[in-house]
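J.:
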Ligand SMILES: Nc1nc2c(ncn2[C@@H]2O[C@H](COP(=O)(O)OP(=O)(O)OP(=O)(O)O)[C@@H](O)[C@H]2O)c(=O)[nH]1
Ligand SMILES: [Mg+2]
């Protein structure tokens, strides 16, 4: 064997070695990527996780402690011995290296297709004014804008235009009226007097609360510094584990107790930890489902009460997370949660996967609370601050359908 032969063999061995290392890294990377799904899958398999409809008042479980004459679990619990709780302050985890943004552009495609085709059909063609506005109203209702908001919008456009039935003019007037309706519900975000901004996320199970906590944590960390997250869904199996994985990714510190422990105590600890380490934001993840709706609402009230005791004014923001696919059901969910805790905003998750995005307008009109953020995908980057004008532009975007829209972000 010549020296050249030996060199070639050596070279082949090195290349093969490098190849093996590369495959190893690839496998590790794909496992990490898939991991946050794992707790969800486990949760789905767990018997206590019921479908989202569980929260509907009419389906409230009968076989509950209350039904058996026992007081609700939340009332049997003593308030947490707040003085005894010493938050374990761990070093803030480092966030994962930022990945390239994924799928943020899909946005409103499905909603826009649904919405525009209906509006177009209603306002084009030689029709009488009565027919046009009746059709417009029906088209808006069918696009999930809600009955009341649709009637208001059609009436406002008609009042604005009189007998001008040109489709372009009607379309522009409708845009302006929808924008005005959305802008009317806008409110300035809360500014905490002292200490961290405390945001509590509430909503029925499966709407996207935990995912939104992670997305918000990334954003708030960039805007306001360190983020502490409270794992206050202590009810669902695997919820804490799921949040832990997300917090690792987001570079947020998680405060957790055992599964089944008092969520108010977890939230209290998180606020205390946030104060102690000068965090900019504390985000509280809550359960979407307990044994009964009553228990859940009492639990949320208690969390808010205990947190406010530690930091006056907290929670400064309580956002209802809604699944955009729910359509008009969103309004009844808002009523149920709003009766328990004052809602200061809405996060509309899964806007990317629905044609029912028109519900944004119904929310603004009926709830009178602003949509703060919209979820546009399952990735940690897929959260967008809601902007009424940008949203409406994207909703009506027609030039080069499915190319980059005027807003460049909501539009596909
Ligand atoms: N397409 C899409 N999926 C989302 C979005 N936000 C959340 N999801 C998915 O919705 C599912 C439920 O999300 P979670 O964050 O676990 O919902 P949750 O409200 O915390 O659920 P519970 O803890 O059971 O109450 C997951 O599969 C998420 O990936 C979004 O904006 N777009
Ligand atoms: Mg959750």
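Residue numbers (the numbering used here): 1219 to 1630.
Note that the Cβ used here is the ideal one computed from N, Cα and C, for glycine as well.
Computed from a predicted structure; not experimentally measured.
1. Ligand 2 heavy atoms versus the CB of residue 1430: any closer than 7 Å?
2. For a test of the three-state rule: what should DSSP assign to residue 1529, helix, strand or coil?
3. Measure the alpha-carbon distance for residue 1535 versus residue 1419 and round it to whole angstroms.
4. If residue 1584 sits next to residue 1549, beta carbons under 8 Å apart, how far is it from one beta carbon to the other, in whole angstroms?
5. Using CA atoms only, rank isn't needed, just tell me which of 1448, 1461, 1339 and 1521 is closest to residue 1598.
6. Is it the case that the CB of residue 1503 approaches a heavy atom of ligand 2 more closely than 7 Å?
7. Do residue 1501 and residue 1447 have their CB atoms nearer than 8 Å?
8. Tell me where the beta strand (DSSP E) around residue 1348 begins and ends.
9. Which same chain residues end up closer than 7 Å to residue 1381 when comparing Cβ atoms and leaving out the 5 residues on each side of it in sequence?
10. Please find out if some non-hydrogen atom of ligand 2 comes closer than 7 Å to the beta-carbon of residue 1169.
11. Return the first residue and the last residue of the beta strand (DSSP E) that residue 1566 is part of.
12. Taking its Cβ as the centre, do 16 or more other Cβ atoms sit within 10 Å of residue 1405, making it buried, or is it exposed?
13. Alpha carbon to alpha carbon, how far is residue 1566 from residue 1435?
14. Which value, in whole angstroms, describes the spacing of the CA atoms of residue 1510 and residue 1504?
15. Here's the rule I'm using: 16 or more other beta-carbon atoms within 10 Å means buried, otherwise exposed. How should residue 1411 be labelled?
16. With a threshold of 7 Å, establish whether the CB of residue 1457 neighbours any heavy atom of ligand 2.
17. Just mark residue 1224 as buried or exposed, buried being the case when its beta carbon has 16 or more other beta carbons within 10 Å.
18. Does DSSP classify residue 1462 as helix, strand or coil?
19. Just to confirm my understanding: we take residue 1251, look at its own chain, exclude 5 residues before and 5 after, and list those with CB closer than 7 Å. What are they?
20. Please give the ranges of any beta strand (DSSP E) in the segment 1475 to 1523, keeping only runs that are unbroken, at least 3 residues long and fully inside the region.
21. Under a three-way DSSP split, which group does residue 1535 fall into?
22. Residue 1349: beta carbon under 7 Å from a heavy atom of ligand 1?
23. In whole angstroms, give me the CA-to-CA distance for residue 1394 and residue 1562.
24. Could you name each continuous beta strand (DSSP E) segment of 3 residues or more that falls completely within the segment 1402 to 1426, going from the start of the chain to the end?
25. Out of 1338, 1564 and 1360, point me to the one whose CA is closest to residue 1581's CA.
26. Which residues mark the beginning and the end of the beta strand (DSSP E) in which residue 1471 is found?
27. Between which residues of its own chain and residue 1449 is the CB-CB distance below 8 Å, once the five residues before and five after are set aside?
28. Taking DSSP as the reference, what is the three-state secondary structure of residue 1606?
29. Please tell me whether residue 1525 and residue 1430 are closer than 8 Å, where the distance is taken between their beta carbons.
30. When every heavy atom of ligand 2 is checked, does at least one fall within less than 7 Å of the C-beta of residue 1541?
31. I want to check one thing, is the minimum distance from the CB of residue 1380 to the heavy atoms of ligand 2 below 7 Å?
32. Roughly how far, in whole angstroms, is the beta-carbon of residue 1489 from the beta-carbon of residue 1416, given that I think they are within contact range, below 8 Å?
33. For residue 1570, which three-state DSSP category applies?
34. Can you say whether residue 1494 is buried or exposed, counting buried as having 16 or more other CB atoms within 10 angstroms of its CB?
T.: According to the structure shown:
1. Not under cutoff, so the answer is no.
2. coil
3. When rounded, the distance between both Cα atoms is 8 Å.
4. 6 Å
5. 1461
6. yes
7. yes
8. Residue 1348 -> not in any beta strand (DSSP E); alpha helix (DSSP H) instead, spanning 1347 to 1360.
9. 1347
10. With the chain represented from 1219 up to 1630, any question about residue 1169 goes unanswered, as that position is not in the structure.
11. Residues 1563 to 1567.
12. exposed
13. 16 Å
14. Near 15 Å, if we compare the C-alpha coordinates of residue 1504 and residue 1510.
15. exposed
16. yes
17. That one is exposed.
18. helix
19. The predicted model places residue 1251 with a pLDDT of 45, which falls under 50 and marks its position as unreliable, so this point remains unresolved.
20. List check, beta strand (DSSP E) in window: 1499 to 1504.
21. strand
22. no
23. C-alpha separation (whole angstroms): 25 Å.
24. 1415 to 1420
25. 1564
26. 1471 to 1473
27. Cβ within range, chain order: 1457, 1458, 1461, 1462, 1472, 1473, 1474, 1475, 1484 and 1503.
28. Collapsing the DSSP output to three states places residue 1606 in a helix.
29. no
30. no
31. Every heavy atom of ligand 2 is 7 Å or more from the Cβ of residue 1380, so no.
32. With a Cβ gap of about 6 Å, residue 1489 and residue 1416 count as contacting.
33. helix
34. exposed
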